[in-house]
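Asks: Please see the structure below; I have some questions.
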Amino acid sequence: MTLTRDLRNKRFWRGLTTHGLAALGALSATLGLYDLFSPDSLGRLDLPEIMLVPAVALAYAAWKSWPYPVEQHYATPDTKIRLVTGDLFEQGTNLVIGMADTFDIETPHIIATGSVQGQFLDRVYHHDVAALRSDLEAALIDKVPIETGVAKPGNTDRYPLGTVATICHQRTHYFCVAYTRMDENNNVSSSIAILWEALERLWDEVRARSNGEPVSAPVIGLGQSGMSTVLPIQDAIRFLILSFMFASRRQRVCGELFIVIRPQDERRIDMLEIQEFLRSLRLSS
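Residue numbers (the UniProt record's numbering): 1 to 285.
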């Protein structure tokens, strides 16, 4: 269980000790001042009343050090980042959908059924390929392909990496961002530089189209992109957070970013380390 693992983490115990000693010191100082103005009153306390002081300090330390929820609010800009474990399509927010530069959607031979794109087709469009293709074409109407007639199965127009096709479907915005290149054999690849640029363009589009409403994103760079060896999941989360924060410091992107972790990936993530990372960005803002 992830919570059990986090409670065994040295970061948790270090935080618990630090906050506990700080609380104990503050309570002791307060009692010392009280004793200064009311001599001998503390001497009449019974053992249960005396033990209340370390108990309160421990409770405070546990509250401050508890690893969940993993979230942080930032005053400048006025935004919030939260990690949640669950289903991307059940967050009740606008969504980020990662795609290839050809914006292929057909499953299972081109796009994996279990991928975010595959679930997007299945769960939002109920596997209506024609409807999703029509909405994507409408969203790309003002985008100019950099290559046409690509000799590959599926879509044959290639768009610049970082292109964002925004679909508004049933009052939800779906930000379909191209961050991988699909070759003639329908294999995809990407790089750190491509991913960073794609995220910058994504946040620009979210800023322009979301009206400040929350947006949920999966951990970008996993799956078939070939980035998992270069950007393990812990680093991928930090990468996504940094990109969002840098964009938000230039100009507020939206009110809240939910980074949605798949349940099967949660055990691979050090949540306490992510919380410390989020807190460090608050201190540096």
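All C-beta atoms, glycine included, are put in the ideal place defined by N, C-alpha and C.
Everything numeric in this text was worked out from a predicted model, so none of it was measured.
Short check: CB of I220 to CB of G154, under 8 Å?
Replies: Residue 220 sits at position 220 when you count from the first residue of the sequence shown. Residue 154 sits at position 154 when you count from the first residue of the sequence shown. Going by C-beta atoms, I220 is not nearer than 8 Å to G154.
Asks: Buried or exposed for R201, going by 16 or more other Cβ atoms inside 10 Å?
Replies: Numbered from 1 along the sequence shown, position 201 holds the residue referred to as residue 201. By the 10 Å Cβ count, R201 comes out buried.
Asks: From L278 to D78, what does the alpha carbon distance come to, in whole angstroms?
Replies: Within the sequence shown, residue 278 is the residue found at index 278, counting from 1. Within the sequence shown, residue 78 is the residue found at index 78, counting from 1. When rounded, the distance between both Cα atoms is 14 Å.
Asks: Tell me whether the segment 251-258 and the segment 79-96 touch, counting them as touching only if at least three CB pairs, one residue from each stretch, are closer than 8 Å.
Replies: Flag = yes, the segment 251-258 and the segment 79-96 touch.
Asks: Can you grab the Cα-Cα spacing for the pair G162 / R209, in whole Å?
Replies: Numbered from 1 along the sequence shown, position 162 holds the residue referred to as residue 162. Numbered from 1 along the sequence shown, position 209 holds the residue referred to as residue 209. Approximately 16 Å, taken between the alpha carbons.
Asks: So, helix, strand or coil for E71, using DSSP?
Replies: On the sequence shown, residue 71 is found 71 positions in, with the first residue counted as 1. Strand at E71.
Asks: Using the C-alpha atoms, what's the distance from G149 back to E106?
Replies: Here the question's residue 106 lines up with position 106 in the sequence shown. Here the question's residue 149 lines up with position 149 in the sequence shown. When rounded, the distance between both Cα atoms is 18 Å.
Asks: Return helix, strand or coil for L95, following the three-state DSSP convention.
Replies: As a working note, residue 95 is residue 95 in the sequence shown. Reduced to three states, the DSSP call for L95 is strand.
Asks: Whose C-beta lies closer than 8 Å to the C-beta of I97 among residues of the same chain, with five residues either side of it excluded?
Replies: Position 97 of the sequence shown holds residue 97. Once the five neighbours on either side are set aside, the close Cβ partners of I97 are V116, Q117, F120, Y174, F175, C176, V177.
Asks: Let me know the secondary structure DSSP gives M271 once reduced to three states.
Replies: Looking up residue 271 in the sequence shown gives position 271. The answer is helix: DSSP assigns M271 an H, G or I state.
Asks: Mind pulling the alpha helix (DSSP H) runs of 4 or more residues that sit fully within the segment 208-267?
Replies: Taking only runs of at least 4 residues, the alpha helix (DSSP H) segments lying wholly in the segment 208-267 are 233-250.
Asks: According to DSSP, what are the bridge partners of H173?
Replies: Counted from its first residue, the sequence shown places residue 173 at position 173. Bridge partners of H173: C168.
Asks: Looking only at its chain, what residues have a beta carbon closer than 8 Å to the beta carbon of P145, apart from the 5 residues adjacent to it on each side?
Replies: Counting from 1 along the sequence shown, the entry for residue 145 is found at position 145. If we look at P145 and ignore the five residues flanking it on each side, its Cβ neighbours are D157, R158, Y159.
Asks: With a threshold of 7 Å, establish whether the CB of E256 neighbours any heavy atom of the ligand PLP.
Replies: As presented, the structure is devoid of all ligands, the ligand PLP included, so that no description of it is given.
Asks: Leaving out five residues on either side along the sequence, give the residues of the same chain with a beta carbon under 6 Å from the beta carbon of A247.
Replies: For the purposes of this step, residue 247 is identified with residue 247 of the sequence shown, where counting begins at 1. Here the set comprises W203, V253.
Asks: I need the boundaries of the alpha helix (DSSP H) containing L136, first residue and last residue.
Replies: By one-based count along the sequence shown, residue 136 stands at place 136. 129-139 is the extent of the alpha helix (DSSP H) around L136.
Asks: Less than 8 Å between the beta carbons of I237 and I269, yes or no?
Replies: Taking the first residue of the sequence shown as position 1, residue 237 is located at position 237. Taking the first residue of the sequence shown as position 1, residue 269 is located at position 269. Yes, the pair counts as a contact, with Cβ atoms nearer than the cut-off.
Asks: Going by DSSP, which residues form a beta bridge with S189?
Replies: Position 189 of the sequence shown, counted from the first residue, corresponds to residue 189. Looking at the DSSP assignment, S189 forms a beta bridge with R181.
Asks: Going by the beta-carbon positions, is the gap between Y179 and S190 smaller than 8 Å?
Replies: Counting from 1 along the sequence shown, the entry for residue 179 is found at position 179. Counting from 1 along the sequence shown, the entry for residue 190 is found at position 190. Cβ distance < 8 Å, so Y179 and S190 count as in contact.
Asks: Here's the rule: buried if 16 or more other CB atoms are within 10 angstroms of the residue's CB, otherwise exposed. What is T18?
Replies: Stepping through the sequence shown from its first residue, residue 18 is reached at position 18. Result: exposed.
Asks: May I ask you to report which of helix, strand or coil DSSP gives T85?
Replies: Translated into the one-based positions of the sequence shown, residue 85 becomes position 85. T85 falls in the strand class under three-state DSSP.
Asks: Once you ignore the five residues that flank L132 on each side, which residues in its own chain have a CB closer than 6 Å to its CB?
Replies: Translated into the one-based positions of the sequence shown, residue 132 becomes position 132. These residues qualify, in order along the chain: I105, L121, Y125.
Asks: Take G212 as the anchor and find which of V70, Q251, A22, D128 has the nearest alpha-carbon.
Replies: Reading the sequence shown from its first residue, position 212 is the one you call residue 212. Checked all of V70, Q251, A22, D128; the closest Cα to G212 is Q251.
Asks: Could you tell me if V164 is buried or exposed, where buried requires 16 or more neighbouring beta carbons within 10 angstroms of its beta carbon?
Replies: Position 164 of the sequence shown, counting from 1, holds the residue named residue 164. Classification of V164: buried, given that the 10 Å Cβ count is 16 or more.
Asks: Using the three-state DSSP reduction, which class does E106 fall into: helix, strand or coil?
Replies: For the purposes of this step, residue 106 is taken as residue 106 along the sequence shown, with counting starting at 1. It is coil, neither helix nor strand.
Asks: In three-state DSSP terms, what is T79?
Replies: Position 79 of the sequence shown, counted from the start, is the residue given in the question as residue 79. Strand at T79.
Asks: Using beta-carbon positions only, say whether L88 and S216 come within less than 8 Å of one another.
Replies: Residue numbering aside, residue 88 sits at position 88 when the sequence shown is read from its first letter. Residue numbering aside, residue 216 sits at position 216 when the sequence shown is read from its first letter. Yes. Within cutoff.
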